[in-house]
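*Asks:*
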Amino acid sequence: MDTKFIFVTGGVSSSLGKGIFCASLGRLLESHGLRVSIQKLDPYINVDPGTMNPYEHGEVFVTHDGAETDLDLGHYERFLGHKTSQANNVTTGRVYQEVIEKERAGQYLGKTVQVVPHIIDEIKAWIVRLSETQQLDVIISEIGGTVGDIESLPYLEAIRQLRYEMGSANALVTHLTLIPYLAAAGELKTKPTQHSVKMLLSYGLQPDLLVCRSERPLHSELREKIAHFCNVETRAVIEAADAKSIYDVPLQLAQQGVQKLILEQFQITDQSIPSEPDLKEWTQFVKRLHAPEKRVRIALVGKYVTHQDAYKSITESFILAGAKTSVDIELHYVESGDITEDNCEAVLQDVKGILVAPGFGSRGIEGKITTARFARVHNIPFLGICLGLQCAMISFARDCCGLEEAHSTEFCADSPWPVIDLMEDQKKIDNKGGTMRLGAYDCKIAQDSQAYLIYNQPLVTERHRHRYEVNNAIRHHLENQGLKFSGINPESGLVEIAELPSHPWYIGVQFHPEYRSTVGNPHPLFTSFVTAAASR
Ligand code: GLN
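For the sequence shown, counting from 1, position 368 maps to 370 in our numbering; every step adds exactly one.
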């Protein structure tokens, strides 16, 4: 079977949940035994989101191969359970960079390099490339932004051309739109959707499937009206009502038979493909998710807590670990800059676990160090991720090793005790984009450690995104006072995991376990942490 393509556009408004829709559709098609990959096409000029502030863009998701990508890739991995890569996230910046590099190399010699055809051709090549490197039945390509945005135009032209070249049996266009409810009129309104589809038509794209976000159910007359004015079959008008959780969406779509419509259009009638989706495990997971036996309050201490997407993979990792352990986790978001020695106890007194989040820059750093100390002294389960681990090391060095001026050189360049320092190969780097220690590195786990009990494996691979490290020249001061470095990278000798054996659950990790949690496989560090917090 040739790879089939589903192009997903969005209309009327941003934040309709295109990423969740794509992830859910992907899951649904996989439950028919198809091999699916999902790709995000982002129209901004940054080569990748790695240089953007989380307030601008939300979390940066890091893939196994070390690409800094859009947070939607996190949803794709969590829903589908398999890895994405650099090829799953394309940006206008990356497309232009490649075209300009080719121009400089003389590959277009004699020609004027233009948006049409050169940029469009590059976008098309990126979309198709995924199918050249992997055996895939379906590729879902999510076009970022909203139809009508100037910057999305080349992407719409690229999918128009691909759809024309491939034909409707191989390429399908989906439009995710909003049907607002006007309380004053007491009605759901279809006009914005009609306009949005007209705009899409003006670019030469007729949607095959209309997915309608709405706060209220779409009654049959309304569906017929939408179908009639937007030129789609009535059964291709899909309702996407607000769901109890994002993990309910694949089931919502399955109930409406979206997968059948798609299989029909793609003429996938192969007997080897089950006619009904196998969503048994998914349904059980959703049931567990909605019927927790316990509730536990855990603090998430970070400096981007007011942005709901800044710690997406962490918050979803908690949800997935909670479903596995039957615990409902109430996250108490704490702005690290607000924490002081004086108010720490009052702010954190009713939490059963504390997570200190990753981050960059000095704002809120003393609050994180104070929090790590508070969890250590009060025996509260503590998970420090990346900067969270670094803060725990600073607090331990200051309090327990007599190194009062211990710090990270990220915040205090001339600290006499740089317990966290820049890696040697980072010292020569000036460029900020894509130059951190990124992606998967091995971590060898000491057999007699809590980390070993949690992983039950001697060697694991985890994803990274950092420049600074535990300083191996100072490490022995911490070890002498009872800290255990239970995870080490075998090639470089760099610290990956630190733990405190005298504490019930105190673990810091230099890597990001949150990037590896999936629905089928919540990360063991999160499940263990949640279990420890829930049993207090
Ligand atoms: N700023 C720290 C470093 O670069 C931590 C990074 C992080 O938390 N992802 O090492």
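Backbone N, C-alpha and C define an ideal beta-carbon position, used for all residues, glycine too.
For my contact list, Pro209 and His177 are in at a C-beta cut-off of 8 Å; report their separation, rounded to the angstrom.
*Replies:* That pair is a contact at about 4 Å.
*Asks:* Please state if the CB of Leu391 and the CB of Gly304 are separated by a distance shorter than 9 Å.
*Replies:* Not a contact, by the Cβ cut-off of 9 Å.
*Asks:* Would you kindly report the start and end of the unbroken beta strand (DSSP E) that includes Ala374?
*Replies:* Segment Ile367 to Val379 is the alpha helix (DSSP H) holding Ala374; no beta strand (DSSP E) there.
*Asks:* Got a sec? Which residues, its chain only, sit under 6 Å from Leu138 by beta carbon, not counting five neighbours each side?
*Replies:* For Leu138, where only same-chain residues beyond five positions count, the Cβ hits under 6 Å are Thr5, Arg37 and Ser39.
*Asks:* Give the C-beta separation of Thr520 and Glu223 to the nearest angstrom, bearing in mind that I take them to be a contact with Cβ-Cβ under 8 Å.
*Replies:* 40 Å between Cβ atoms; not a contact.
*Asks:* Could you tell me whether any non-hydrogen atom of the ligand GLN is closer than 8 Å to the CB of Pro56?
*Replies:* Because no heavy atom of the ligand GLN lies under 8 Å away, the Cβ of Pro56 does not count as near it: no.
*Asks:* What whole-angstrom Cβ distance do Ser277 and Phe63 have, given they're in contact under 8 Å?
*Replies:* Going by Cβ atoms, the distance from Ser277 to Phe63 rounds to 34 Å, so no, they are not a contact pair.
*Asks:* Could you tell me if the beta carbon of His468 falls within a distance shorter than 8 Å of some heavy atom in the ligand GLN?
*Replies:* The answer is yes for His468.
*Asks:* Please confirm whether any heavy atom of the ligand GLN lies closer than 8 Å to the CB of His514.
*Replies:* Under cutoff, so the answer is yes.
*Asks:* When every heavy atom of the ligand GLN is checked, does at least one fall within less than 8 Å of the C-beta of Ile356?
*Replies:* Ile356 Cβ: outside cutoff for every heavy atom of the ligand GLN.
*Asks:* Comparing C-alpha positions only, which one of His409, Pro418 and Tyr508 sits nearest to Gly484?
*Replies:* Nearest option by C-alpha distance: Tyr508.
*Asks:* For Val92, which residues in the same chain have their Cβ closer than 6 Å to its Cβ, ignoring the five residues on either side in sequence?
*Replies:* Result list for Val92: Leu43 and Trp128, in chain order.
*Asks:* Any heavy atom of the ligand GLN closer than 8 Å to the CB of Glu471?
*Replies:* Answer for Glu471: yes, Cβ within range of the ligand GLN.
*Asks:* Could you say if the segment 276-293 and the segment 487-505 meet the contact criterion of at least three C-beta pairs nearer than 8 Å?
*Replies:* No contact exists between the segment 276-293 and the segment 487-505.
*Asks:* From which residue to which residue does the alpha helix (DSSP H) around Asn482 run?
*Replies:* Residues Arg477 to Asn482.
*Asks:* The ligand GLN heavy atoms versus the CB of Glu412: any closer than 8 Å?
*Replies:* Yes.
*Asks:* By the 10 Å Cβ neighbour count, where 16 or more other Cβ atoms means buried, how is Ile102 classified, buried or exposed?
*Replies:* Exposed, since its Cβ has fewer than 16 Cβ neighbours within 10 Å.
*Asks:* Judging by CA-CA distance, which residue of Phe528, Ala448 and Thr533 is the nearest neighbour of Pro503?
*Replies:* The shortest Cα separation from Pro503 among Phe528, Ala448 and Thr533 belongs to Ala448.
*Asks:* Of all Cβ atoms in chain D, is any one closer than 9 Å to the Cβ of Pro383?
*Replies:* Among the protein chains of the structure shown there is no chain D, as only one such chain exists.
*Asks:* The ligand GLN and Ile387: does any heavy atom of the ligand fall closer than 8 Å to the residue's C-beta?
*Replies:* For the ligand GLN, at least one heavy atom lies less than 8 Å from the Cβ of Ile387.
*Asks:* State the CB to CB distance for the pair Ser87 and Thr53, rounded to an integer number of angstroms; the pair is presumed to be in contact (CB under 8 Å).
*Replies:* Between Thr53 and Ser87 the Cβ distance is about 20 Å, and since that is not below 8 Å, they are no contact.
*Asks:* Just checking my contact of Ile387 with Glu516 at CB under 8 Å: how many whole Å lie between their CB atoms?
*Replies:* Ile387 to Glu516, Cβ: 7 Å. Contact.
*Asks:* Sort Glu134, Ala160, Tyr306 and Gln136 by Cα distance to Ser144 and report the nearest one.
*Replies:* Position check: residue 144 holds Glu in this sequence, whereas Ser was assumed. Comparing Cα positions, the closest option is Ala160.
*Asks:* Starting from Cys232 and walking both ways along the beta strand (DSSP E), at which residues does that stretch end?
*Replies:* Careful: Cys232 lies outside any beta strand (DSSP E), inside the alpha helix (DSSP H) at Ser222 to Cys232.
*Asks:* Using 9 Å as the threshold, is the C-beta distance between Glu105 and Val117 below it?
*Replies:* Contact: no.
*Asks:* Is the closest heavy atom of the ligand GLN to the C-beta of Met395 under 8 Å?
*Replies:* Result no, Cβ not under 8 Å from the ligand GLN.
*Asks:* Just the Cα atoms here: how many angstroms apart are Gly13 and Arg400?
*Replies:* So the alpha carbons of these two residues sit roughly 54 Å apart.
*Asks:* Between Asp352, Pro360 and Thr94, which has its C-alpha nearest Asn55's C-alpha?
*Replies:* Nearest of Asp352, Pro360 and Thr94 to Asn55, Cα basis: Pro360.
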